Amino acid sequence: MGVFVYLPLVLPLTALPIARLAEQHLHPRRAARLLTTVAVILASCSLVCLGLLVVVGTAQLPGNPLPDGWSDAEVREAVPHDAFAGKASILA
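Offset between the sequence shown (1-based) and the working numbering: plus 955.
What follows is the structure in structure tokens.
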């Protein structure tokens, strides 16, 4: 999970080469529409990446709403009040 945390932050940077090419080759109105479309697509991809990171992060917490097979047994044993910690982390 280490490297994938940075993926939602790096993914929108791929719009820079597209913007430079669009600026040189397209009419300004068409370039603006293309960049708007690309921005919406990249924002959606970043949202999906963040959502998947949330699922993976909460799967490691005890007392999560996901199936118990998804959380680590060691984590559940290490936390004394796992149900309370899980519910508090969901609310946070």
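The beta carbon of each residue, even a glycine, is placed where N, CA and C say it ideally should be. As the structure is a computational prediction, the values presented were derived from the model and not from experiment.
Self-check item: Cβ-Cβ distance between Leu997 and Pro967 below 8 Å
Solution: yes
Practice problem: Go ahead and pull the three-state DSSP assignment for Leu981. | Solution: coil
Quiz item: Buried or exposed: Pro983, going by 16 or more other Cβ atoms within 10 Å of its Cβ?
Solution: exposed
Quiz item: How should Ala977 be labelled, buried or exposed, when 16 other C-beta atoms within 10 angstroms of its C-beta is the threshold for buried?
Solution: buried
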